[in-house]
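Numbering of the sequence shown is given in full-length UniProt numbering, commencing with residue 1 and proceeding in unit increments. For reference, the structure is listed below as C-alpha cells.
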Amino acid sequence: MGSVLIKHGTLVTATDTFAADLFIDAGRIAWIGMRPDANCPEADTVIDATGKYVLPGGIDVHTHLDMPLRGDLRSVDDFETGTIAAACGGTTTIIDYAAHSHGESMEQGFETWRQKAEGKAVIDYGFHMTLSEFTDQTLHGMERMVEQGVSSFKVFTAYPGRMMIDDAAILKVLKQAKKLGALVCVHAENGHIIDVLVEEALHAGQIAPQYHALTRPSIGEGEATHRVITLAEIAGAPLYVVHISCCEAIQEIAAAKQRGLPVYGETCPQYLLLSVDCYYLPPEFEGAKYVMSPPLRERPHQECLWQAIQTGVVDTIGTDHCPFHFRGQKELGRQDFTKIPNGGPGIETRMSLLYTGGVETGRITLNRFVDLTATGPAKLFGLYPQKGTIVPGSDADLAIIDPSIATIISAMTHNSHVDYSLYEGMRVKGMPEYVFLRGELIVREGKFVGKSGSGRFLKRPPVSR
Numbered sequence: 001m002g003s004v005l006i007k008h009g010t011l012v013t014a015t016d017t018f019a020a021d022l023f024i025d026a027g028r029i030a031w032i033g034m035r036p037d038a039n040c041p042e043a044d045t046v047i048d049a050t051g052k053y054v055l056p057g058g059i060d061v062h063t064h065l066d067m068p069l070r071g072d073l074r075s076v077d078d079f080e081t082g083t084i085a086a087a088c089g090g091t092t093t094i095i096d097y098a099a100h101s102h103g104e105s106m107e108q109g110f111e112t113w114r115q116k117a118e119g120k121a122v123i124d125y126g127f128h129m130t131l132s133e134f135t136d137q138t139l140h141g142m143e144r145m146v147e148q149g150v151s152s153f154k155v156f157t158a159y160p161g162r163m164m165i166d167d168a169a170i171l172k173v174l175k176q177a178k179k180l181g182a183l184v185c186v187h188a189e190n191g192h193i194i195d196v197l198v199e200e201a202l203h204a205g206q207i208a209p210q211y212h213a214l215t216r217p218s219i220g221e222g223e224a225t226h227r228v229i230t231l232a233e234i235a236g237a238p239l240y241v242v243h244i245s246c247c248e249a250i251q252e253i254a255a256a257k258q259r260g261l262p263v264y265g266e267t268c269p270q271y272l273l274l275s276v277d278c279y280y281l282p283p284e285f286e287g288a289k290y291v292m293s294p295p296l297r298e299r300p301h302q303e304c305l306w307q308a309i310q311t312g313v314v315d316t317i318g319t320d321h322c323p324f325h326f327r328g329q330k331e332l333g334r335q336d337f338t339k340i341p342n343g344g345p346g347i348e349t350r351m352s353l354l355y356t357g358g359v360e361t362g363r364i365t366l367n368r369f370v371d372l373t374a375t376g377p378a379k380l381f382g383l384y385p386q387k388g389t390i391v392p393g394s395d396a397d398l399a400i401i402d403p404s405i406a407t408i409i410s411a412m413t414h415n416s417h418v419d420y421s422l423y424e425g426m427r428v429k430g431m432p433e434y435v436f437l438r439g440e441l442i443v444r445e446g447k448f449v450g451k452s453g454s455g456r457f458l459k460r461p462p463v464s465r
C-alpha cells in the first residue's frame, strides 16, 4: 500500500469546509496541510483535486444484499455487485441487515451473512441483526451478537406471522438493548391494518401495483412510529426509525426529539424525489418497479421530509437497497400486487441524488450533506471517528467529486446487477471521480478499479447515546 497526496482540493466535513492538501499513509489519513503554506510530504501517488471536493466516504446503514425473500427468490445484488455499485457512487462502508430464520439462532444467521460477504465485498461492511421472532433465547442471542461486533438490531411492526413481533416483545428487546449499549432499528408500519386492507382489495379484484400503496396508508406508519417511540420511552432506550416516508411519522419523531428522547430518523432518496405517481406510469404494470415498503407517498410528504432534514429531525440518509429484476421477478405479481417482490435499487445513486436534490437546490449545505451520508451514520452506529470524517488517524475512506460534472442515471451504465433504475434518465451531479478505501484507490474516473474481497468486516462496539 503506497502513500498518496491529494493536492489543491477543498476538504469538506460535517462542520468545516477548507482548502487543504491531504496525505495518506498506511491506509490512514496521516497529515492535513493548510494552503498556501503547506509543506507537502513526498508521496508515491499525487492526485490534483483542483476545483473538486474531497469528502469522507459515504456510509449506507440500510442495505439488503443477497437477501432471500421466499423460495428461490432473492435480491439480485450480492456482496460483490452491490458493493461495487456502492463504491462507484461514493459509499465506502455499508451496514447490511443480516437475519436468522425461524427456529435458527442469531449466531447461525450472522455466520450465514459473514460467508455471503467474505471474499466478495469490495468495501468495508458491518451487520445489523434482524429479529425474525421472539423466543426464550432472543435476549441471550442479543448479548452474543454484541460480543461479536453486531451492536444494532431490527424489529418489525409489520408482516404478521413472518417478521412482526408484538409490543411486549419489542419492549423487552428495547430494555435489553439499553443494557447492552445497542441500538434498536424499527420498521414502523401497522401490519394488522395492512392485512385487512390487502384482503379487501384482493376481494374487490384490485390487483394492480398502485394497490400496494393504497393498502399501506401513511397514517398507519405514523401510528406504528408513535407506538414504538412510546415503548422506547418506557424502556429508556434509544430508537432508530428506518426509511421514514411520511409526514405522520416525522411529526412523531419531531415530538420525541423535542421531549429530549434519543430517537433518530432515517429516510431514503426515493421518498424525497419520487411520489405515488410512479405507480401509475405507462405502460401497464410499470409501477411494479416502485413497489417497496413503505410505499412512495403523495408529493406533500416530500416537503415534510426535506424540512425534517433541514431541522435535524432526520439524522441519516440510507437506501433500503433491495433490488429485484423487473423481468422474471417483479413480474411475478402481474395478477396479484402482493406477489410483487418488495424492494428497489438505490445503493449507487444515494450520494448523487442527495447532492443534486439537496445541495444543488440550496435545501442543504455541503456540510449537512456529509453529516447525513457519512458522519451521522458513523456516530450512531459505532464507527466514528474511524469512519465518517477527515481527520488525522481516521481511515482514508474518501470520495473526490467534481461539482461541475453531470451524469445521466441509466440501467445501461450502472454497476448494480438489477435490470432497471428507479431514476432512469435523471441528470445528477455529485458522482465521484475518485474513491479511496483505506488509502487504496478503488474508483478512478468513475470506474471500479479495486479488488473483489478487499472489504473488511467492521466489529462495532456498544455506543453510549
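Note that CB positions come from ideal geometry on N, CA and C, so glycine has one too.
Go to residue i, then tell me how far its beta strand (DSSP E) extends in each direction, as first and last residue.
i: Phe436; result: Pro432 to Leu437
i: Ala169; result: Looking at the DSSP string, Ala169 is not in any beta strand (DSSP E); the run it does join, the alpha helix (DSSP H), is Asp167 to Leu180.
i: Val4; result: Val4 to Val12
i: Asp60; result: Gly58 to Thr63
i: Val443; result: Glu440 to Arg444
i: Ile400; result: Leu398 to Ile401
i: Met34; result: Arg28 to Met34
i: Tyr264; result: Val263 to Thr267
i: Pro68; result: Pro68 to Arg70
i: Ile390; result: Here Ile390 belongs to no beta strand (DSSP E), and DSSP marks it neither H nor E.
May I ask which residues mark the beginning and end of the alpha helix (DSSP H) holding residue i?
i: Glu221; result: Ser218 to Ala235
i: Val122; result: Where Val122 is concerned, there is no enclosing alpha helix (DSSP H), given that its DSSP letter is neither H nor E.
i: Ile309; result: Pro300 to Thr311
i: Ala19; result: No alpha helix (DSSP H) contains Ala19, which is instead part of the beta strand (DSSP E) from Thr17 to Asp25.
i: Gly109; result: Met106 to Ala117
i: Leu198; result: First, the amino acid is wrong: residue 198 is Val here, not Leu. That run of the alpha helix (DSSP H) goes Gly191 to His203.
i: Tyr211; result: Gln210 to Leu214
Give me whichever residues DSSP pairs with residue i in a beta bridge.
i: Cys185; result: Lys154 and Tyr240
i: Phe457; result: Tyr125
i: Lys429; result: Ala406
i: Tyr97; result: His128
i: Asp48; result: Lys7
Determine the closest residue to residue i out of the options, with distance taken between C-alpha atoms.
i: Val263; options: Asn367, Val186 and Ile219; result: Val186
i: Gln258; options: Ala288, Ala208, Thr311 and Pro282; result: Thr311
i: Thr349; options: Thr91, Ala224 and Pro209; result: Thr91
i: Cys88; options: Arg74, Gly57, Met106 and Glu107; result: Gly57
i: Leu366; options: Leu272, His8 and Tyr355; result: Tyr355
i: Met426; options: His417, Thr413 and Glu433; result: Thr413
i: Asn39; options: Gly109, Ile6 and Thr17; result: Ile6
i: Pro283; options: Cys322, Arg334 and Pro295; result: Arg334
i: Thr45; options: His64, Leu22, Pro403 and Leu65; result: Leu22
i: Thr230; options: Gln210, His203, His212 and Leu171; result: Leu171
i: Thr407; options: Ile207, Ser352, Val435 and Phe381; result: Ser352
i: Tyr211; options: Thr93, Phe337 and Gln302; result: Phe337
i: Tyr280; options: Leu214, Ser293 and Glu221; result: Leu214
Any C-beta of chain C sitting closer than 8 Å to the C-beta of residue i?
i: Pro461; result: Looking for chain C here will not work: only one protein chain is present.
Roughly how far, in whole angstroms, is the beta-carbon of residue i from the beta-carbon of residue j, given that I think they are within contact range, below 8 Å?
i: Val54; j: Val4; result: 12 Å between Cβ atoms; not a contact.
i: Ala117; j: Phe79; result: 4 Å
i: Arg460; j: Gly141; result: Not a contact, Cβ separation roughly 17 Å.
i: His62; j: Val184; result: Rounded, the Cβ-Cβ distance is 14 Å, inconsistent with contact.
Three or more beta-carbon pairs under 8 Å between the stretch 284-294 and the stretch 309-327, yes or no? Yes, the stretch 284-294 touches the stretch 309-327.
Would you call the stretch 448-456 and the stretch 416-431 touching, i.e. three or more CB-CB distances under 8 Å? No: the two stretches stay apart, fewer than three of their Cβ pairs being nearer than 8 Å.
Per the contact definition of three or more C-beta pairs closer than 8 Å, is the stretch 26-35 in contact with the stretch 74-81? Judged by Cβ distances under 8 Å, the stretch 74-81 makes no contact with the stretch 26-35, as fewer than three pairs qualify.
Can you confirm whether the stretch 267-279 touches the stretch 187-204 when touching is taken to mean that 3 or more C-beta pairs between the two stretches lie within less than 8 Å? No: the two stretches stay apart, fewer than three of their Cβ pairs being nearer than 8 Å.
Counting beta carbon pairs with one atom in the stretch 98-111 and one in the stretch 120-140, are three or more of them shorter than 8 Å? Touching, yes.
Within the chosen definition, does the stretch 163-170 reach the stretch 237-247 through at least 3 CB pairs nearer than 8 Å? Contact fails: fewer than three Cβ-Cβ distances are below 8 Å.
Cβ pair count under 8 Å reaching 3, the stretch 368-378 against the stretch 386-393: Yes, they touch.
So does the stretch 152-160 actually touch the stretch 200-213, counting three or more Cβ pairs closer than 8 Å? For the pair of segments examined, the stretch 152-160 was found not to touch the stretch 200-213: the number of CB pairs separated by less than 8 Å stays below three.
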